[in-house]
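Novice: Dropping a structure here in structure tokens format, bear with me for questions.
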Amino acid sequence: MKVLRQTGTNSCSCGGQQLEHDMIIQRTQEDKAVARATDPDSRENRPLKFDTEQLDYTMALLRTVPTHRSLSWLVSVSLHSFGQGTGERKNKGVAL
């Protein structure tokens, strides 16, 4: 207690911050539970940038375009995003 008095901090301030933190966590968890219950398609992550139709179109073009770089320029998709899309489709067993 002596150190707390010397620095001028109140011993209750730390508990108040923890209480506020716990309340925020609790409200967030409750809101997520309500969102999951009301909307089965709710996502906690960022929304997908490209939907399956766009990826299917890109994969179809892959057969006709000579390089991945030219394909990414043609459909305005970065090489990184394109690579992620092909990797996910391979894991799911979708034909490229």
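In terms of numbering that gives the first Met the number 0, the sequence shown is numbered consecutively and its last residue is 95. All C-beta atoms in this analysis are idealised placements derived from N, C-alpha and C, irrespective of residue type, glycine included.
#1: Of all the options V74, A36 and H20, which has the alpha carbon lying nearest to the alpha carbon of M58?
#2: Can you tell me the Cα-Cα spacing of S80 and Y56, whole angstroms?
#3: Do you know how far the Cα of D30 is from the Cα of A36?
#4: If we count the other Cβ atoms within 10 Å of its Cβ and call it buried at 16 or more, is L54 buried or exposed?
#5: Would you say L61 and L47 are within 7 Å of each other, going by their C-beta atoms?
Specialist: To lay it out plainly:
#1: Nearest in C-alpha terms to M58, of all of V74, A36 and H20, is V74.
#2: 14 Å
#3: 10 Å
#4: buried
#5: no
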